[in-house]
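Visitor:
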Amino acid sequence: MSVEFRLARPGDLPAIVSLIADDAIAAARTGELGEEHRAAFDAIEADPGNELVVAELDGEVVGTMQLTYIPGISRRGALRLQIEAVRVAAPLRGRGLGRRMMEWAVERGRARGCALVQLTTDKTRKDAHRFYDSLGFVASHEGYKLALS
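The sequence shown begins at 15 in the working numbering and counts up by one.
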């Protein structure tokens, strides 16, 4: 499987939203492609601390993830890479694409000088937990969220 990883372009947005929404947990909160998604894409694209990445196979977007580089005071001023919204097209799940995406993201973080890679995953995503464990991630913290809208 010859997959290319690259920064997303505006024309990729329908495929990205579709990938993110093709998930029982995220479907309702993602919704249909709309102006709010376009505005978010523009904000991500304009921010040098954010990257929206796609995995492309034979000209088709088959995976996506968002990378956010977070400067911090803790850990001696370390830069962190936050990985969010990792999705692989349903027909390709279980074939190694997610692993390749994560390895690519970790290397990208390393190249930018990150000292730590972190992510969150819903507590009910047991398959995702096994996947991240297999990549060497450690479930070291308990996460909390507060919805504001």
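Backbone N, C-alpha and C define an ideal beta-carbon position, used for all residues, glycine too.
Identify the continuous alpha helix (DSSP H) that holds A57 and give its terminal residues.
Guide: Its alpha helix (DSSP H) spans residues E49 to A60.
Visitor: For V152, which of helix, strand or coil comes out of DSSP?
Guide: Here V152 sits in coil by DSSP.
Visitor: In the DSSP output, which residue or residues are listed as bridge partners for P19?
Guide: Before going further, note that residue 19 is Phe rather than Pro in the sequence given. F19 pairs with A69.
Visitor: In chain order, which alpha helix (DSSP H) runs of at least 4 residues are fully inside the region 82-137?
Guide: List check, alpha helix (DSSP H) in window: 88-91 and 111-125.
Visitor: Compare the C-alpha of G77 against each of R114, E59, G150 and R52 and name the closest.
Guide: Minimum Cα distance to G77 is reached at R114.
Visitor: Could you compute how far the alpha carbon of K140 sits from the alpha carbon of E49?
Guide: K140 and E49: Cα-Cα distance of roughly 33 Å.
Visitor: CA-CA distance, N64 and T135?
Guide: Computed Cα separation, rounded: 19 Å.
Visitor: Could you work out which residue in A161, R122 and L66 is closest to G25 when comparing CA atoms only?
Guide: It is L66 whose Cα lies nearest to the Cα of G25.
Visitor: Under DSSP, the alpha helix (DSSP H) around I34 begins and ends at which residues?
Guide: Per DSSP, I34 belongs to the alpha helix (DSSP H) from L27 to A35.
Visitor: Cutting at 7 Å between CB atoms, please list the residues of its own chain near I97, excluding the five before and the five after it.
Guide: Hits under 7 Å: M79, L81, A119, V131 and L133.
Visitor: Could you give the distance in angstroms between the alpha-carbon of V68 and the alpha-carbon of I87?
Guide: So the alpha carbons of these two residues sit roughly 30 Å apart.
Visitor: What do you get for Y158, buried or exposed, if any count of 16 or more other CB atoms within 10 angstroms of its CB means buried?
Guide: Exposed: under 16 other Cβ atoms inside 10 Å.
Visitor: Roughly how many angstroms separate the alpha carbons of E74 and P105, rounded to a whole number?
Guide: Rounded to the nearest angstrom, the two C-alpha atoms are 13 Å apart.
Visitor: Would you decide whether G123 is buried or exposed? Buried here means 16 or more other CB atoms lie within 10 Å of its CB.
Guide: Buried: at least 16 other Cβ atoms inside 10 Å.
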